[in-house]
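In the numbering used here, the protein residues as written are 1 to 250.
Built from N, CA and C at the ideal position, the CB exists for glycine as well.
Following: one structure in structure tokens, then a few remarks.
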Amino acid sequence: MPNKIMLPVLDDRLFLIASMVREGGVPLDVGTDHAYVPIYLIKSGICAHAVASDVNRQPLTNACVNAQKFGVFDKINFCLGNGIADIHPEQYEVTDIIIAGMGGELIAEIIDNSDYTRIPGIRLILQPMSSLQELRGYLAEMGYATIDEKLCRAGDKYYTCIVAEYDGIRREVPPVRLLLGDVARNEADPLVNGFLEFTCEKLVKKIKGRRMGGLPTAREEEMYREICEMARARGHIIPSLDETLGIKNT
Ligand SMILES: C[S@@+](CC[C@H](N)C(=O)[O-])C[C@H]1O[C@@H](n2cnc3c(N)ncnc32)[C@H](O)[C@@H]1O
């Protein structure tokens, strides 16, 4: 039966997430929806079994249907529940917790509500769609070390996947690093220049919005300048904020 042997085709974002899971580990995919990541991990032989959870019944049903379609239904434990605490990850000996495709604040809340995330050696694989600064700030303040961080691009958007583990050490992280993460340090990654530009474009939108609302923008302007400097050090020129906003130097 051909559909029992095929792998689900992952887009670059889901593939990046899957690539962060340890071989031989037991992944828990929180907010699994389609369950493509656990299905892929099992079908490709990276993991023997997995746990897939969702707070909503319909996405979990989608997950079950897909697992049946790919012939791995018996290798995944499906759990209906909120976050991690409801799922009892200890009973499945979960090693790697994936929380992807949600806002950074919700991801932080899910992490915060579970003591299991504070067991050293348990890996958190996080792919926030928004509020990255807030999520990185939460991790730094609450004693989670970022042990890896990688970028991918899908369409005109960049996505970041953060791998973190609890070590109890609180860290002070400068605002620009909360915004960019560690990816900008990766000299070899060809996506970094585009990502720096993409981040500057978002900052410009924020600066314009704050100016229109009469709010201060010094912090955002400083981050813009720092990112331009980082890009310059990589041999990549990003126009200054004044140039971007159309303010002519006299
Ligand atoms: C946009 S989908 C992301 C699906 C997949 N993780 C991905 O990255 O493509 C978000 C999923 O998270 C689920 N979800 C939202 N809040 C949750 C929570 N507190 N606990 C578990 N699942 C949650 C939603 O029901 C939905 O299926």
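>> Using a Cβ-Cβ cutoff of less than 6 Å, which residues in the same chain neighbour G214 once the five nearest sequence positions on both sides are dropped?
In response: none
> Contact between the segment 88 to 97 and the segment 17 to 28: three or more CB pairs below 8 Å?
Replying inline: yes
> How close, in whole Å, do the beta carbons of I99 and V204 come, if the pair is a contact with beta carbons under 8 Å?
Replying inline: No, I99 and V204 are not in contact; Cβ-Cβ is about 30 Å, not under 8 Å.
>> Just to confirm my understanding: we take R118, look at its own chain, exclude 5 residues before and 5 after, and list those with CB closer than 6 Å. What are they?
In response: Y166
> Who are the Cβ neighbours of G137 in its own chain at under 8 Å, not counting the five residues just before and after it?
Replying inline: V173, L178
>> Determine whether the beta carbon atoms of A188 and D11 lie at a separation below 8 Å.
In response: no
> Does the beta-carbon of V65 have 16 or more other beta-carbons within 10 angstroms, so that it is buried, or is it exposed?
Replying inline: exposed
>> Less than 7 Å separating the Cβ of V21 from some heavy atom of ligand 1?
In response: no
> How is L14 classed by DSSP in three states: helix, strand or coil?
Replying inline: helix
>> Can you check which of these residues, R232, L106, L180, is closest to N82 by C-alpha distance?
In response: L106
>> Quick check on M1: does DSSP put it in helix, strand or coil?
In response: Residue placement at M1 is flagged as unreliable, the pLDDT there being 46, under the threshold of 50; the coordinate-derived value follows with that caveat. In the structure shown, M1 sits in coil (DSSP, three-state: anything other than H, G, I, E or B).
> Measuring from the CB of V65, is there a heavy atom of ligand 1 at a distance below 7 Å?
Replying inline: no
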